[in-house]
Structures are given as structure tokens and as C-alpha cells.
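Protein chains in written order, with this note's numbering: chain A, 1 to 329; chain B, 1001 to 1438. Notes to accompany the following structure.
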């Protein structure tokens, strides 16, 4: 409690200093050239300041606290025995028998889900970019999954893939594609596949909406010129469409990767990580650790690990995709 | 003007003092359902009429209950009266979140059935040094069986005679018929899966799980063989493959829905079976007798016992509420609604709980001299194991990822480690002993 109060006071002080700083730079003072240059230099930071302060206020404390908790023995069931324990939580984390299975699952879950959502979302956006009757209605229908809560989508998939009563087994058997019922949620591999399918289904509309908006912003005359020059469809796609939508694609992939990597709701609802952790990912495991063993220290260590992985990913991804240069023609 | 102001101030103060006098209690139900909520809100209305104390009803779904209570406990915000599962008491008493009730019970002890005094309270006193809960009703396990299927395959089941584990396993195999989409058992593979298996393993050791020094008694070949036999029910196809993920809801749904032929569960399921199945479809057999000594090892507990939180500012009023809820008329109404056996001797002769009622097999076990209540996992906090390791180790064996011995020993070694640590940290404490009723 004391820490929270101190933190809020700290943020308040930073906030006040920021305001003073802004006032000093925006008040009409003699505009000596050197002063103007300093003002220009400070401008971007001043614009960023309100957002940074808000972030600091809303996320700063939990972030700092969870970082501290990662190095503490912090069990909710033993509130009187909280103490710093160095790297013990990390040692414990990497000595867990299933940790490598969980890391592997997380990797497969993110890569396959993002790739599936991107490819299908892109296809959908290209299809919707053309004029056809009832396009608006069709567009509204295919975008529906994005408005469903993950809990509802999870339940839908859990029941559809139920080994005994599920509609999927029933259809596959009627089509004579399988002879015996498949225990989708009880078989290693399949259980993760079901979660990935649900995640892809849920995320396609997001990619489609974003890419469609980017596609519609491409000037028509560029395409017209390409027709005149005798450009083929593949070349048109790679030389016109793709460069134009590249910034949107990069940001969308980046955002979805982070969201998917952090998401655990679908997993908890559909399989709860089972059987025997075969569909468990790092965030769902973190949730399990935090709320089944109440070991917030270990869960925070996992959180720090997640954050590190994501920061590394974002850095490498932005470098590799030349994001700064994207959209420059 | 002055008079008007004085009048307003007087009224305001009068209002404030009246507000101050009104006692308000918070009550949380950890297993909410429309039926239970209706019962509680009606009873709280009656309670208010009699005592003037207002009770605010709160609830949390069972699956999230442990989490929510833990968070509330850690932030010192637990409601005055809580419905509490016996498995949480190790954690709650260790953290000091519940208050001892012995002084409140005082001379009224004689009003309670011997299942309460000799089993629940004796166990609490042994494990935690005091009484911390007042049972809401008594729950004992039985085996729900598809009577019609049993008849079809020529099984002659007699509730009064009972059966042994060997006969039970045999019945499960006989009731399995994949061509008719019938499986012999509602196998529990997920959370809570280790509970009935633990009792089966204890039935080989006279109801015990630990030696006096805290060493596990489940680390021999006999235990491994029994473990394999139990898991064989799943591996041999007596349960659907999906059952590896089944918890309480799926087990009950699939028994009542006509997919499985037997279901080991508590008497509370009788209320669901009564509501969803025809009388000629189901019956309840007592828990199987040990193949080794012929005794019935069965857990007896109260599912959602009442306790008072230490953060309560109105502990006496909270006790008044518990007294009211457990008054014979209210208690029997509650037990009939929720499928439990009443806790007070004054309601013992109700025909609903007689030899021809739906609870006959459960009451019969409670009166059987051969029934023994085996020991619990231990007095230490095992919530984390119960929510993870215990069933995960079973799943690893079922999926062929590791052998039976490794799976079993991983769990019992951890239990042994915690039991020994508990004994070392609590000088004078001893390992719990199995209890008979008669």
C-alpha cells in the first residue's frame, strides 16, 4: 500500500515537472534562434509526454512490481513469508519437467496462428476488395468472429471438437473420412491443433479489416498505369500491392504476434492446457501457476521471461522488415 | 432558519446512528446454482425477520472459488461467513483466515450427528488443532450404476450385499460395449482424478497413507499394480478417450446422458440423477470393499461447510447466521435440495433418508461397522498439487509418456516430502489415523 502511494506521488511529481517543462517551452518568449532550435528539438518529446505519463501511471507500477516479484519468494498463501530469493524462481522455472514442451508449444502456437490468420485474412481482404452483389452483407458476416468474446469462441470449439458428441467427428464420420471417433481434446498434438484453429478463426477478420483498408487506399491510377504497361497479375501484386500495404502488414503481424503470444483465454477454456501440458503455452502456464499454486514469484519470473522474448522479437522483426523504410517508394 | 437546520442535523444524526446499529453480514457461496441461491436468499429473508440482521449474498463459480477466496484472504477482505471445502482448510488455517469455532459450539455438540462429531470435527482437531467449520450437510461417496444396462449384461447387483473392488472392476468391463456406444465408467482424468485413486490405494493399507515418521506407504509394487489396475480402466477402453480431460461436470453429464455405466461420486449427484434419469435406469451401490481386508474405505465430508473469516467484524452475528442455517428445519430443506445427508440428530428419521429412499446406499454405509474413513492427503497445503501435478502425472502415464511407477512415485514422493516437512515444523504433531464410525 505504501509503495502504491509512493509510486503515485512519484508519478505526480514527474507529471508536474513535465507540465512546467511544457509551459517553459510554449510560452511566448523572445525567439532567439538558439531558443527556437531547442524548442524544435524538444517538441517530439513534449508531444509524447502525456502518453508516456499515462502509460507510466497505468502500467508502470504493475510492471516494476512484477519485475521485483520475479526475484522474490512471493506466495499468496504465505503472505508473511515474502522475501527476496535471487534467481531461485528462474532456476525453478527451468528445472520444471515440462518447460521445454511448453516453450515448443508456444512457438508452434504463435507461428502457425499468425501465419494462418495472415494468409487467410489477406485472401479474404483481396476477395472483398472487388465489387460484387451483397458485398456489404458478406463483409459484415465474415467480420463477425472478431466481435465474439474468446470465451464464447472457446466454448464453441470445445463442444464442436468433443470426442463423443462433437459435430466435427460426426461430420467426418458421415463423410467417411474417419472410421472411429477422434478424441481431439484428449490427444497430444490434436489438442493444440484445435486451439490453433480457434485462434485462426477468431483472428482472420482483424487481418482482413486492416489489409482491406490498406488495399482501398492504393491509388487506382497506379494500377491503370500498370495495365497500360502490360504488367501481369503476379508482378502487379509484388510490385504495387505488396509495397503499398507493407507498413500495414508489418504493424498487423507485429501486433497479432504480441497478442497471440500473450493470450491464454482460448487455451484455458478449450483444453486448460491438457492433456498433460500438451496444449500449454507460456502465458497459460503463467496463469496456472499464479492461480492454482498461488506462486506469484514463479509466475512473475515467467512474465519477465515472456517480456524479454517479446522485446527481442519486436527488435529483430522491425529490423528484419526494414519498417522505417516501409512505404517509401 | 436555525430551527430548521437543527431539525435537519438531528434527523441526519438519528439516521446515522440507526445505520450504525444495523448489522450487515456478507455471505459467499462457492458452488452457486439457481436452486441454492433461491434457498439462501429466502433463508436470509427469514433470518432478517427473526434477528434484524441483513445478509448480503455473494457467489463465485466453483472453478474460480479457490482463486477468489485466496485473493480475498490475502487482501483481508473475506466475507463474514463462507462456504468452505475441506481441502482448503490446510491453506486457510495456515494463513489464519478462519476462526476456531469450538467455543461457539460449546454445549450444543450433542445435537450433531456422529458423522459430524466423530469424523469431520475429530479430523479437523487432529489436523488443525481446533474446529473450523460447521458442516452444511454430510456427503459420502457411492457408485452410481446404470441398473438397466447391468440387467442386460446379467450383472446381479445387490445394494445391501455390496461388492468388492474386484467385482466392481469386473462390472465396469462387462458394462463396456463400444458397438452400442457404451462405456463402463465415467473415468476422471482431470482435476480431482487422484482423489478416488488415493482412496483405492489406501484400501490396501488399512486406510493409511503414511507411516508414523511421514514416509509414504504407497511406494511398493502392490501400490504400483493397483495404480495400473485403476488406470487400466481407461487404457483398456472402458472410458472414452476424451475422459482424460474429464472433471466433475463431464463425469456426471456423461453418466446421466447415457454414455457411461458407472460413476463414483458423492451423494450430491443423486439430486441430478433424480432430476434427469428415470428410476428404472439407475441405482447406487456402496463403495467397493477392500480386496484385502473387506472394509469399505470411503470419504465422509461436508462439501461446502460454513466457516467464519477472521476479517469479520461481526463474528457473533456470523455465528448466529450459521446457527440459523443449520437449524433442523432449515438444514433438512437445504439437504433435500442439494442431495446431502442432514447434520443434526433431530432430522435423522425423515423417510427421504430411509431404506427405500434415494439415499439408502449412502446412509447404509454410514451405519456399516465395516466402514472406515481413510486419511486425507495431509494437514499441509496441497492445493497446488491438487490443481496440477496429481492429475498431470496420471495423464502422462495414460499418454504413454512415462511408466506407472514414475507417475505414482512422483506424486507420493512430493506428498511424503511435505508430510515430513510438516512433522518437522510442528513438533508434537502426528500422522492422522483412519477413523471408524462405530
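The beta-carbon is built from N, C-alpha and C at its ideal position, and this holds for glycine as well. Predicted model, so just to flag it, every value in this text is computed and none were measured.
Under the three-state reduction of DSSP output, residue 1182/B falls in the strand class. Of all residues in the stretch 164-178 of chain A, only 164 come within less than 7 Å of chain B when Cβ atoms are compared, listed by chain position. At the C-beta level, residue 110/A and residue 253/A stay beyond 8 Å of one another. Residue range 1054-1059 is occupied by the beta strand (DSSP E) that includes residue 1057/B. Those residues of the stretch 73-96 of chain A placed with their C-beta closer than 8 Å to a C-beta in chain B are 76, 77, 78, 79, ordered along the chain. Note on residue 36/A: under 16 other CB atoms within 10 angstroms of its CB, so exposed under the neighbour-count rule. In terms of CA proximity to residue 1197/B, 1411/B leads the group 1417/B, 1419/B, 1411/B, 1381/B. Per DSSP, residue 1042/B lies in no beta strand (DSSP E) segment; the continuous alpha helix (DSSP H) that holds it begins and ends at 1034-1051.
It is roughly 40 Å from the alpha-carbon of residue 1111/B to the alpha-carbon of residue 1156/B.
Shown here, residue 49/A sits in a helix according to DSSP, grouped into three states. Residue state for residue 260/A is assigned as helix, using DSSP reduced to three classes. The stretch 246-265 of chain A and the stretch 64-76 of chain A do not touch, with fewer than three beta-carbon pairs separated by less than 8 Å. Ranked by Cα distance from residue 1421/B, the first of 1125/B, 1388/B, 1213/B is 1213/B.
Check the Cα spacing between residue 206/A and each of 128/A, 92/A, 118/A: the tightest is with 118/A. Judged by beta-carbon spacing, residue 1394/B lies beyond the 8 Å limit of residue 1414/B, meaning their Cβ atoms are not closer than that value. Interface with chain B (8 Å Cβ-Cβ cutoff): residue 284/A is excluded.
When beta bridges are read from the DSSP output, residue 1297/B appears opposite 1372/B. In this structure residue 1262/B is in contact with residue 1185/B, their Cβ atoms being roughly 5 Å apart against a cut-off of 8 Å. Using a C-beta cut-off of 8 Å, the stretch 1062-1082 of chain B makes no contact with the stretch 1341-1360 of chain B, since fewer than three inter-stretch Cβ pairs fall below that distance. The bridge partners DSSP lists for residue 1142/B are 1265/B. The C-alpha of residue 172/A lies about 6 Å from the C-alpha of residue 178/A. Look at the beta carbons and you see the stretch 94-101 of chain A touching the stretch 263-282 of chain A: at least three pairs across the two are nearer than 8 Å.
With respect to the 8 Å criterion, residue 1330/B and residue 1342/B are not classified as neighbours on the basis of their beta carbons.
In the DSSP assignment, residue 1024/B falls within the beta strand (DSSP E) that extends over 1024-1029. Taking a beta-carbon distance threshold of 8 Å, residue 291/A counts as an interface residue toward chain B. For residue 1396/B, the secondary structure class from DSSP, reduced to helix, strand or coil, is helix.
Within the stretch 294-319 of chain A, the residues whose Cβ lies closer than 9 Å to some Cβ of chain B are 294, 295, listed in chain order.
In the DSSP assignment, residue 1305/B falls within the beta strand (DSSP E) that extends over 1305-1308.
By the beta-carbon neighbour count (other beta carbons within 10 angstroms, threshold 16), residue 1043/B is buried.
With a threshold of 16 other beta carbon atoms within 10 Å, residue 1107/B falls short and is exposed.
Burial state of residue 155/A is exposed, judged by a 10 Å Cβ sphere holding fewer than 16 other Cβ atoms. For the pair residue 1210/B and residue 1372/B, the CB atoms are not nearer than the 8 Å cut-off. At a cut-off of 8 Å between beta carbons, residue 1421/B makes no contact with chain A.
Every alpha helix (DSSP H) stretch that sits fully inside the stretch 203-233 of chain A and reaches 4 residues is listed by chain position as 220-228. The DSSP-derived three-state label of residue 181/A is coil. With respect to chain A, the C-beta atom of residue 1180/B has no partner C-beta closer than 8 Å.
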